[in-house]
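> First the structure, which I've put down as structure tokens, then a few questions once you've had a look.
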Amino acid sequence: MSTLLSVSGAGFTPYEVEVGRGVIAGLGVQIAALTGGRVVVVSDETVAALHGPAVLASLESAGLKPRILTVPPGEASKSFAELERVIDRLLAYELDRKDIIVALGGGVVGDLTGLAAALYMRGIDFVQVPTTLLAQVDSSVGGKTAIDTPRGKNLVGAFHQPRRVTVDIDVLATLPPRQLRSGWAEVLKHGLICDAPFFDWLTDEGAIGATGDAAALERAVIRSVQIKSAIVSEDEREAGRRALLNLGHTFGHALEAELGFDETILTHGEAVALGCAMAFRYSAALGLCSDDQARRAVAGLAAAGLPTSLAEVGDVGAEALVRRMAGDKKAENGRLTLILARGIGEAFVERAVDVASLAEFLRSEGAR
Ligand code: NAD
Numbered sequence: 003m004s005t006l007l008s009v010s011g012a013g014f015t016p017y018e019v020e021v022g023r024g025v026i027a028g029l030g031v032q033i034a035a036l037t038g039g040r041v042v043v044v045s046d047e048t049v050a051a052l053h054g055p056a057v058l059a060s061l062e063s064a065g066l067k068p069r070i071l072t073v074p075p076g077e078a079s080k081s082f083a084e085l086e087r088v089i090d091r092l093l094a095y096e097l098d099r100k101d102i103i104v105a106l107g108g109g110v111v112g113d114l115t116g117l118a119a120a121l122y123m124r125g126i127d128f129v130q131v132p133t134t135l136l137a138q139v140d141s142s143v144g145g146k147t148a149i150d151t152p153r154g155k156n157l158v159g160a161f162h163q164p165r166r167v168t169v170d171i172d173v174l175a176t177l178p179p180r181q182l183r184s185g186w187a188e189v190l191k192h193g194l195i196c197d198a199p200f201f202d203w204l205t206d207e208g209a210i211g212a213t214g215d216a217a218a219l220e221r222a223v224i225r226s227v228q229i230k231s232a233i234v235s236e237d238e239r240e241a242g243r244r245a246l247l248n249l250g251h252t253f254g255h256a257l258e259a260e261l262g263f264d265e266t267i268l269t270h271g272e273a274v275a276l277g278c279a280m281a282f283r284y285s286a287a288l289g290l291c292s293d294d295q296a297r298r299a300v301a302g303l304a305a306a307g308l309p310t311s312l313a314e315v316g317d318v319g320a321e322a323l324v325r326r327m328a329g330d331k332k333a334e335n336g337r338l339t340l341i342l343a344r345g346i347g348e349a350f351v352e353r354a355v356d357v358a359s360l361a362e363f364l365r366s367e368g369a370r
């Protein structure tokens with residue numbers, strides 16, 4: 003049994019997100035319905051070894067003749083060099099616009115493959131088969147694709163929506179526990195943004211999802227995809243409401259950058275968790291949300307084994323963090339935009355955060 007969710011919006015063809023256990027077995031039939039042509043699976047070496055055979059078997063059993071193309075695992079593959087190599091292979095395979103590309107992997111593979119698909123012959127269809135929890139609840143839905151440059155992350159990209167997303171909960175069984183917890187941070191984030199009962203469930207009987215319980219994971223992924231797709235449907239290009247999905251990200255991204263994007267110190271999901279904790283404490287400090295709500299938000303994140311204080315990650319400077327948060331540009335008139343909250347499930351976009359008060363708050367959090 004699987005659950006079908008639909009993503010639609012003014013600017014793109016609607017598509018389905020299928021969530022369930024073992025759904026990769028049906029992937030071939032679904033893709034055969036989208037194309038009679040060729041299929042190229044792009045993956046990373048780790049995921050290709052673990053889950054490539056099942057994906058290829060499913061495609062072959064539907065009469066397709068797939069090829070698989072791999073990139074090295076890790077963020078470094080979101081580069082011009084790998085993008086060029088992937089596109090060069092697609093050209094060598096003589097793919098045309100009737101053919102289809104499958105992104106099998108985490109957010110790195112999804113972002114790189116999505117961008118290659120957006121660029122190849124001005125746009126070719128692609129299907130997301132996300133294999134990390136982060137990719138299942140976040141990056142595979144919504145059509146943002148990108149690579150990094152030495153000047154920063156995700157600076158070169160395109161909006162290119164997938165034709166379908168196939169989310170198989172069973173592939174999470176091979177995911178290292180720290181990666182699972184990192185994805186759980188994005189799940190908790192969805193509750194913190196707009197669904198307090200969901201957050202309560204995630205921190206109570208649903209909490210076993212963070213340690214791999216498949217039924218809890220399935221329910222958490224379904225609700226997360228519903229929340230993300232509802233927001234994307236309203237605002238694909240992040241003109242307004244989609245910015246809510248950045249809860250915890252402005253703090254988190256600044257921390258990742260200050261720590262040199264070193265995943266051994268802080269993964270992206272851990273940075274988001276710490277960022278959410280800081281966003282709630284800052285909201286409480288500004289009198290926007292009660293101390294009790296902030297405490298509950300932080301306790302829920304900490305109970306999942308995620309970092310919630312600067313002391314857990316290292317030494318960072320308050321001014322340096324503020325500069326990063328302002329996007330390396332000077333904040334406009336001493337103000338910047340942050341996602342804050344009036345309570346759990348009540349996040350909002352605050353476009354006039356006072357930089358001086360933010361720096362003071364960061365010092366109260368233990369920043370230099
Ligand atoms: P990732 O793709 O690097 O995967 C993490 C690691 O897990 C890799 O080493 C990978 O080989 C391994 N892995 C993946 N699936 C596995 C499985 N089932 N079993 C065992 N190992 C597995 O990282 P990620 O956290 O999935 O994604 C991070 C990326 O996503 C970042 O580049 C970020 O910018 C991007 N992102 C994009 C969006 C978006 O909207 N496009 C949103 C959030 C994050």
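Following my numbering, the numbering of the sequence shown begins with 3 at its first residue and continues without gaps. C-beta atoms are modelled at their ideal positions from N, C-alpha and C, and glycine is treated no differently.
For the beta strand (DSSP E) that residue 339 lies in, which residues bound it at each end?
Secondary structure note for residue 339: its beta strand (DSSP E) is the uninterrupted segment 337 to 343.
> At a threshold of 7 Å, does residue 77 count as lining the ligand NAD (C-beta to nearest heavy atom)?
yes
> Is any non-hydrogen atom of the ligand NAD found closer than 7 Å to the C-beta of residue 32, if you look at the structure I gave you?
no
> Taking 8 Å as the cut-off, decide whether the C-beta atoms of residue 338 and residue 328 are in contact.
yes
> Can you tell me whether residue 184 sits near the ligand NAD, meaning its C-beta is under 7 Å from at least one heavy atom of the ligand?
yes
> Going straight from the alpha carbon of residue 68 to that of residue 55, what length do you get?
Looking at the two C-alpha atoms, the distance is approximately 11 Å.
> CA-CA distance, residue 355 and residue 144?
27 Å
> Kindly list the residues whose CB is nearer than 8 Å to the CB of residue 230, restricted to its own chain and excluding five residues on each side of it in sequence; keep chain order.
These residues qualify, in order along the chain: 139, 140, 143, 144, 192 and 247.
> What residues are listed by DSSP as bridge partners for residue 18?
8 and 166
> In chain order, what residues of the same chain lie with their CB nearer than 8 Å to the CB of residue 261, ignoring the 5 residues before and after it?
Its chain contains 267, 268, 315, 316 and 318 as the residues whose beta carbon lies nearer than 8 Å to that of residue 261, once the 5 sequence neighbours on both sides are disregarded; these appear in chain order.
> Please state if the CB of residue 282 and the CB of residue 212 are separated by a distance shorter than 8 Å.
no
> Under the rule that 16 or more other beta-carbon atoms within 10 Å means buried, what is residue 210, buried or exposed?
exposed
> Among 254, 162 and 346, which one has its Cα closest to the Cα of residue 308?
254
> On the premise that residue 17 lies in contact with residue 9, defined as a C-beta separation below 8 Å, what is that separation, rounded to the nearest angstrom?
6 Å
> Mind checking which residues open and close the alpha helix (DSSP H) that includes residue 52?
47 to 63
> Tell me the DSSP secondary structure of residue 363 in three-state form.
helix
> Round the Cβ separation of residue 197 and residue 347 to the nearest angstrom and send it over; I've been treating them as touching at under 8 Å.
5 Å
> Check whether the Cβ atoms of residue 33 and residue 50 sit closer than 8 Å, and answer yes or no.
no
> Rank 103, 91, 310 and 110 by C-alpha distance to the C-alpha of residue 279 and give the top, closest one.
Checked all of 103, 91, 310 and 110; the closest Cα to residue 279 is 310.
> Skipping 5 residues on each side, what residues in its chain have a beta carbon closer than 7 Å to that of residue 243?
The answer, listed in chain order, is 233, 236 and 237.
> Compute every distance between the C-beta of residue 49 and the non-hydrogen atoms of the ligand NAD, then say whether any falls below 7 Å.
Yes, the beta carbon of residue 49 sits closer than 7 Å to at least one heavy atom of the ligand NAD.
> Going by C-alpha distance, which of 89, 160, 194 and 5 is nearest residue 298?
Comparing Cα positions, the closest option is 194.
> Kindly confirm or deny that the segment 173 to 184 and the segment 120 to 136 touch, where touching means at least three C-beta pairs closer than 8 Å.
yes
> Helix, strand or coil for residue 310, going by three-state DSSP, please let me know.
coil
> Could you tell me which residues DSSP puts in a beta bridge with residue 127?
102
> Would you mind listing the alpha helix (DSSP H) stretches within the segment 185 to 243 that are 4+ residues and don't spill past its ends, in chain order?
198 to 205 and 216 to 236
> Quick one: residues in its chain with C-beta nearer than 6 Å to the C-beta of residue 2, no 5 flanking neighbours on either side, listed in chain order?
Only positions 3 to 370 of the chain appear in the structure, and residue 2 is not among them; the question remains open.
> Residue 74 to residue 47, Cα distance in whole Å?
Approximately 6 Å between the Cα atoms of the pair.
> Where do the ends of the alpha helix (DSSP H) carrying residue 352 lie?
Residue 352 -> not in any alpha helix (DSSP H); beta strand (DSSP E) instead, spanning 349 to 356.
> For residue 151, which of helix, strand or coil comes out of DSSP?
strand
> Can you tell me which residues form a DSSP beta bridge with residue 72?
45
> In whole angstroms, what separates the C-alpha of residue 249 from that of residue 189?
12 Å
> Between residue 248 and the ligand ZN, is the CB less than 7 Å from at least one heavy atom?
You won't find the ligand ZN in this model; what it holds is the ligand NAD.
> Can you list, in chain order, the residues of its chain whose CB lies under 6 Å from that of residue 284, leaving out five sequence neighbours each side?
The beta carbon of residue 284 sits closer than 6 Å to the beta carbons of 363 from its chain, once the five residues preceding and following it are set aside; these are given in chain order.
> When you compare the CB positions of residue 117 and residue 85, do they come within less than 8 Å of one another, or not?
yes
> Would you say residue 19 and residue 167 are within 8 Å of each other, going by their C-beta atoms?
yes
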